[in-house]
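Inspection log for the structure reproduced underneath, given as structure tokens.
Number of protein chains: 4
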Amino acid sequence: MNEAELNFEVARLGACRIPSPMGSIQFVEDDEHVLYHTSLKEIKACECAGREPPGFEIAGPRREIFFDPSKLKCGIVTCGGLCPGLNDVIRSIVLSLHHHYGVQTVFGFPYGFEGLTYRYGHRPLELSPETVRDIHMKGGTILGSSRGPQDVLEMVDTLDRMNIGILFTIGGDGTLKGALAISEEIAKRNLKIAVVGIPKTIDNDISYMDRSFGFTTAVSEARTSIYAASTEALGARNGIGLVKLMGRESGFIAAYATLATSEVNFCLVPEVHFTLEGFMETLRERILKRRHAVIVVAEGAGQELMAETSGTDASGNVRFGDIGTFLRDRIKEYFGKAGMELNLKYIDPSYTIRSKSATTQDSVFCLLLGHNAVHAAMSGRTGMVVGFWNEEFTHVPIRLAVSKRKRIDPNGKLWDYVLAATGQPRNMA
Amino acid sequence: MNEAELNFEVARLGACRIPSPMGSIQFVEDDEHVLYHTSLKEIKACECAGREPPGFEIAGPRREIFFDPSKLKCGIVTCGGLCPGLNDVIRSIVLSLHHHYGVQTVFGFPYGFEGLTYRYGHRPLELSPETVRDIHMKGGTILGSSRGPQDVLEMVDTLDRMNIGILFTIGGDGTLKGALAISEEIAKRNLKIAVVGIPKTIDNDISYMDRSFGFTTAVSEARTSIYAASTEALGARNGIGLVKLMGRESGFIAAYATLATSEVNFCLVPEVHFTLEGFMETLRERILKRRHAVIVVAEGAGQELMAETSGTDASGNVRFGDIGTFLRDRIKEYFGKAGMELNLKYIDPSYTIRSKSATTQDSVFCLLLGHNAVHAAMSGRTGMVVGFWNEEFTHVPIRLAVSKRKRIDPNGKLWDYVLAATGQPRNMA
Amino acid sequence: MNEAELNFEVARLGACRIPSPMGSIQFVEDDEHVLYHTSLKEIKACECAGREPPGFEIAGPRREIFFDPSKLKCGIVTCGGLCPGLNDVIRSIVLSLHHHYGVQTVFGFPYGFEGLTYRYGHRPLELSPETVRDIHMKGGTILGSSRGPQDVLEMVDTLDRMNIGILFTIGGDGTLKGALAISEEIAKRNLKIAVVGIPKTIDNDISYMDRSFGFTTAVSEARTSIYAASTEALGARNGIGLVKLMGRESGFIAAYATLATSEVNFCLVPEVHFTLEGFMETLRERILKRRHAVIVVAEGAGQELMAETSGTDASGNVRFGDIGTFLRDRIKEYFGKAGMELNLKYIDPSYTIRSKSATTQDSVFCLLLGHNAVHAAMSGRTGMVVGFWNEEFTHVPIRLAVSKRKRIDPNGKLWDYVLAATGQPRNMA
Amino acid sequence: MNEAELNFEVARLGACRIPSPMGSIQFVEDDEHVLYHTSLKEIKACECAGREPPGFEIAGPRREIFFDPSKLKCGIVTCGGLCPGLNDVIRSIVLSLHHHYGVQTVFGFPYGFEGLTYRYGHRPLELSPETVRDIHMKGGTILGSSRGPQDVLEMVDTLDRMNIGILFTIGGDGTLKGALAISEEIAKRNLKIAVVGIPKTIDNDISYMDRSFGFTTAVSEARTSIYAASTEALGARNGIGLVKLMGRESGFIAAYATLATSEVNFCLVPEVHFTLEGFMETLRERILKRRHAVIVVAEGAGQELMAETSGTDASGNVRFGDIGTFLRDRIKEYFGKAGMELNLKYIDPSYTIRSKSATTQDSVFCLLLGHNAVHAAMSGRTGMVVGFWNEEFTHVPIRLAVSKRKRIDPNGKLWDYVLAATGQPRNMA
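Residue numbers (the working numbering), protein chains in the order written: chain G, 1 to 429; chain L, 1 to 429; chain D, 1 to 429; chain C, 1 to 429.
In structure tokens:
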């Protein structure tokens, strides 16, 4: 998809005629946009091509809203794997609905989309300022989660029958696609239900967003594991500390954790290919020269090296080969054949990382994501997610958000920084 | 100063004729800029006024450099109060000079500008990759610091006599002005010495920078104090937890720490005026209704309420009245007169906050600030600081950076978020 | 009081005839004791004097209990200042009553002894396993606290009227004396109400207990402040970091925090006298030699140096002069007169420390204190606290526990360790 | 071995004739002992049997010492797996030798016993107060470590040739046996070299010691993993969090971590047998009733369930079957067969735990272990380790320390506490 085809337009349920109950606040006007491009050259290219330079609607409270708060019921679901900040987002949505708009009824649907499907028999939780008071102190999600799609017709039936006006969906790519399908079915039935998402990807790989919640916390926790690996590597002759980090399609966590510690000698990510031979040879040289090494590998790296990869999980994601244990075994084998002693320690901190509560910065980010999701939904926006671009919260059509993934550019600055920090060669193929 | 008068031009020592020793890296071209404005409306206004929309030079390694690394000596000073990340920045500069350019000699001048002045007799430290290996694990600065200006002529004498080619200055507003004076004296003497700064302000109040290092760590630590205050406030009848945070001219730390905890009922910042009467009355109502309250006050807030303010410190900063103890005493007095029992606990965590080591995100940020300062200086840029704008590292002329302070806009979004999070009235005058 | 007069006997409400509902557990027999003395010499001295060597009853579940769980109502109060672990103890008592004995009704009386006094109108909270589930994650006390005594008759009226069978009191010296008075009034009225205390003193100064809960957490947090002070001291010429820690009568926190960091040069405690002149002179020498110093002072140290000390607080504790700010001002004055530059940073982390949640070890300790308090009370013990001696939980009569305070012996090993770690002279008088 | 055969006598190199250089300190007399028994009943049993009740020599500085500090050279080795506090102990030994006795030369032998063996060519590090200043901030060991024995004759040759007077060995069971062999060879050659150990076992399973260093830190870190497991378990339907913790022969870490969190439903340790059927059935009931479960398993638990166990590692320890992955696979299999959905998350934090720096309490403990090891060695004690018993540091002959392991008594209090905290049945066989 080239830029000219990008659609930045956000769908709406209808005209906003109800004055916002928020008092003396700075309302955002509907024509406020933040530029998609950041350089003059790009702007001019648009103008030359006869197009307006594209931009995102700026998020925030609107002067007039679509829903009547006194009659509104809302629902929240959390889907997919755990991610730091889930409870912060739930809490922020509940508090904003309650305190900013006076909405009385908010349901939490348990275990993701399962909670919207009658066959599972999960009973919705009533969420009030009281019940969410301290939930941000804990990791995970108080609603529980599940993977995989559910029947769209059935889910819309549930929303309709329960008289839900807004559904907030917090989840990743699969969830957003589900949310899109729900909003399309809603449109087909001509219901007045807004579907607003908050994109969840600990890997930070959603396009058109500078940052996704939980990512900062994940990098922070990953640092802890890298310190452990480094300590182990230094604690024994020919010590190797090998850490597997999250990152199926993109290696942002691995890259930033590498920059955060300056103790990593090899950072392997899905975006940059390497061969076993190339990697092993470089590793061997490093060990001969320095007697220890720290390796960070993103879970999606080197998938092509493993024949046995196959199948998909309940969310429809390709099931990945385990590059962590694969590398661990290959390294041992290689050094064994070379007759070199080796002390390899393998660390896989994924579950520990994703179940953490949010660090300070993620807490702030989640709070504002939640507020802006509420503002967007109250104004009748639907089929959209809340984004963040050039320091502004934005409205992003789901279709745009799921159109492609954000990935590390192997020829870009971030990867140059990583190479500079690790000293690893650009090419290990 | 209006926009038309802003000068985004960065000074240079001369032409770059030496090929960079950095191998297969993405070099930045000198004409790459990031737009200062982020909305189409602003861009068009420039164009209508017949001006090119302004932008910052993008930082990064240049294909050709000014200095011959094999003959180059560099110096580093840290000035002013402690700030998380100082050691990270020192370390990053040393490692980049050494590993990226092969510079062999880097001096650390002890105790800020004092270290450049002979009368103090401080001996410079030699900084190598070995000596800086683990310094980022510790807070503070291994170089020591001091406040206040020193004789510019004498400092330039020192640089000249020691044959220093690049001076890196890490410090706040006063330090930058000192660095500017040094670079002007250098120009007057027609010396080939680059002066490149890394702006240090834990308060995050440098203009033309989206973020300054140490700020994220400070907010993170401030959250800890607010949790303590909240716990104390809930632990006794009519409990009040009062926390004084850093922020002389701007209340960013107080504001973000408020958003990060959602336990603050009153956030007082320098940018928003209040009267004692207005504040006390609102506080009393809160206590009557909820029996506890958490108050966060930035050190520069409410200065006009204290008659005794006067004098300046060694750096020439106005000496502030202590708003923390002032408020503590006034609140006790007010409730005493009203015959209401009160359990007020006062927390002033400033020294604990600023002496912390950097959190993960600040560590990454410091690393990249250091690298980009080195790249800029190696290319002969001078009289500039490294900035950060729209997710890009930039070159900012010192003159522009010190022209005004960044402050919270009381009519802007950030303050609206704070009001939404605390529930405090917009007006307590 | 000499040893021969010590009374280790614990009072009981009556015979235990109800079989414990705890299944296949190791019951403790009533004649199991742990020796008070730990050396053979002391044991033999007792025997020579014709006395049985004294010992404490070992705590734990009894085969027969006094109360019928199905009819029992219990109450809990927390009194005095905050201390890490309060919520852990509350939680442990509730869970043990519920799960081990099947007790259905447990009340939390709000705000300490106030909650037992009708004039305040505080309504008791019902505490169930559900309500206490996560409270140990947070510092403070969910019940709130207050200082000072209340009318004993009125409090016993409340217990009687509400049909409370066991009152658990968690508090310090004053609270224990109050609990003793309550148990005496109960005895006078011939009621069957057990009063069992869990001694709370963050200072670790209860006699006949090797450790009190919260102390380990406090030392841990104090270490953080000392690191900050040390960083500040190193960050400036003639830098001094001064930290005031808790410890009114005894300096255990200051002493252990000193041992935990190895960065303290002066540790000042109530048990060891010093003169201002002696201290200042030693400090001056240190600064001249090393250019920085870290000082830790317990709040009860050097009280005799301050004339203005006077009055008592609501709990009847002597109101202390503030040795922290006193020393800060005297040091500045002294160095000012001596014409020496000084950079003194003063840190008072008390409220931050005492409001923390418990560290791991304190969590375990609180859990077991709570369990053993429940076992003791169910067996009809009264007028006692749960102690800890030679790795065993014990029953200690309140009268014995409050008879004197535990203090650092200036001629003992702990103080020798401190002197060895700081290098400070034994005598600064 | 029954008690009567225990030998509490510590070997000495010879008479102490040199006055200690430690000034006005409380010296410990050679006849000061702490009783091995803690109850009167046990004491009387000894007396009845005509034996003196046994006790440990109390550690501490002696008035006269054996070695002349001005001529003394010392060496330190760290062996076996990493353990929090290793650097603290190294640091404490170096500082005590230097500051308390004025010893100038301390060598660190790299990579454990390898460093004493010439074939490896490891060069000893010189350790001074300056080089060890901050090492306690980092986990691991600055000396590096290795597993397995080395040639005793060769090691004693090295000590003799380098004129080492004291060798400090920090390691576990295997290391202590090595140290014993070294001290016996020294005696055979009639050399005057003291060998003093500091027992290192993160599992806390050394007999005749109430606590070993690193254990408290390990429990603390284990709590973090259990919280993660609990969060994951609650985040999905039929969620199971399974955590494998250290503990080959004894389950103290698993037991205390269980008590520290109160979120564990099954704690499996080597001392308590269970069958797969018994465990699975109980787990299934729990899941049906509560829909989630948290399981903690010590690495040595359930070894008899795995047929494939075999072999030994370089230290001669039996190579264990991996009970963690074994249980993980069996549970999945069992629930799969039963047609129950399951969300099992497996966490193995071992390397992260053991590479941590010491928590506050372990730091204090390591400091005092180091000091007392130095005092013991300076007095010519040899073939011994420093122990801790009834709140006193002690001298323990190596032979006694390695005679048997400390283990959880399945009929004792600790296990009762664990059962009470988890609610798991006593018998899952």
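For glycine and all other residues, C-beta sits at the position ideal for the given N, C-alpha and C.
Length of the line joining the Cα atoms of LEU143 (chain C) and ALA179 (chain C): 17 Å
Within the chosen definition, does the region 406-416 of chain C reach the region 213-223 of chain C through at least 3 CB pairs nearer than 8 Å? no
When you compare the CB of MET1 (chain C) with every CB in chain G, is at least one pair closer than 8 Å? Model confidence at MET1 (chain C) stands at a pLDDT of 47, short of 50, so the residue's coordinates are unreliable and nothing is read from them.
Report the CB separation of SER379 (chain D) from CYS16 (chain D) in whole angstroms; it is logged as a contact under 8 Å. 6 Å
Using a Cβ-Cβ distance under 8 Å, would LEU234 (chain G) count as near chain C? yes
Test: SER145 (chain L) CB closer than 8 Å to a CB of chain D: yes
Cβ neighbours of MET280 (chain L) in the same chain (closer than 6 Å, five flanking residues each side left out): TYR334
Ignoring anything shorter than 3 residues, give me the beta strand (DSSP E) runs that lie fully in the region 264-309 of chain G, in order along the chain. 266-268 and 292-298
Proximal chain G residues relative to ILE347 (chain C), where beta-carbon distance stays under 8 Å: TYR351 and THR352
Return the chain-ordered ranges of every alpha helix (DSSP H) run that is complete within the region 333-377 of chain C and spans a minimum of 4 residues. 350-354
Selection of the region 389-415 of chain G by Cβ proximity to chain L, strictly under 8 Å: ASN390, GLU391, GLU392, ASN411, GLY412 and LYS413
Since PRO397 (chain D) is in the beta strand (DSSP E), which residue starts that stretch and which ends it? 392-397
For VAL103 (chain G), which option in G:LEU242, G:LYS192 and G:LYS73 has the closest C-alpha, if you only look at C-alpha atoms? G:LYS73
Looking at the secondary structure, which residues open and close the alpha helix (DSSP H) in which LEU153 (chain C) lies? 152-161
Around the Cβ of THR224 (chain L), are there at least 16 other Cβ atoms within 10 angstroms (buried) or fewer (exposed)? buried
Quick check on MET1 (chain L): does DSSP put it in helix, strand or coil? For MET1 (chain L), the predicted model reports a pLDDT of 47, less than 50, meaning its position is unreliable and no value from the coordinates is stated.
Would you list, in chain order, the members of the region 62-82 of chain G that have their beta-carbon closer than 7 Å to a beta-carbon of chain C? LEU82
PHE168 (chain C) - partner residues in DSSP beta bridges: C:ILE76 and C:VAL196
For CYS79 (chain C) and GLY112 (chain C), believed in contact at Cβ under 8 Å, the rounded distance: 4 Å
Do we get a CB-CB distance below 8 Å when we pair ARG51 (chain L) with the residues of chain E? Among the chains of the structure shown, chain E does not appear; the protein chains present are G, L, D and C.
For chain C, is any of its Cβ atoms less than 8 Å away from the one on MET137 (chain L)? yes
Determine, using beta carbons only, whether PHE107 (chain D) and GLU126 (chain D) come nearer to each other than 8 Å. yes
Should THR325 (chain C) be labelled buried (16 or more other beta-carbon atoms within 10 Å of its own) or exposed? exposed
Any C-beta of chain D within less than 8 Å: which residues of the region 81-114 of chain L qualify? LEU82, TYR111 and GLU114
In this structure, how does DSSP classify ALA181 (chain C) when only helix, strand and coil are distinguished? helix
Taking DSSP as the reference, what is the three-state secondary structure of LYS244 (chain G)? strand
DSSP on VAL89 (chain D), reduced to helix/strand/coil? helix
First and last residue of the uninterrupted alpha helix (DSSP H) at PHE252 (chain G): 252-261
Does the Cβ-Cβ distance between ASP210 (chain D) and TRP389 (chain D) come in under 8 Å? yes
Any Cβ of chain G within less than 8 Å of the Cβ of SER355 (chain C)? yes
Is the beta carbon of PHE320 (chain C) closer than 8 Å to that of GLU299 (chain C)? yes
Could you tell me the alpha carbon to alpha carbon distance between LEU6 (chain L) and ILE226 (chain D), rounded to whole angstroms? 46 Å
Length of the line joining the Cα atoms of ALA293 (chain C) and SER146 (chain G): 17 Å
For THR105 (chain G), the residue or residues it bridges with in DSSP: G:LYS73
For TYR118 (chain G), is the classification buried or exposed, using 16 other Cβ atoms within 10 angstroms of its Cβ as the cut-off for buried? exposed
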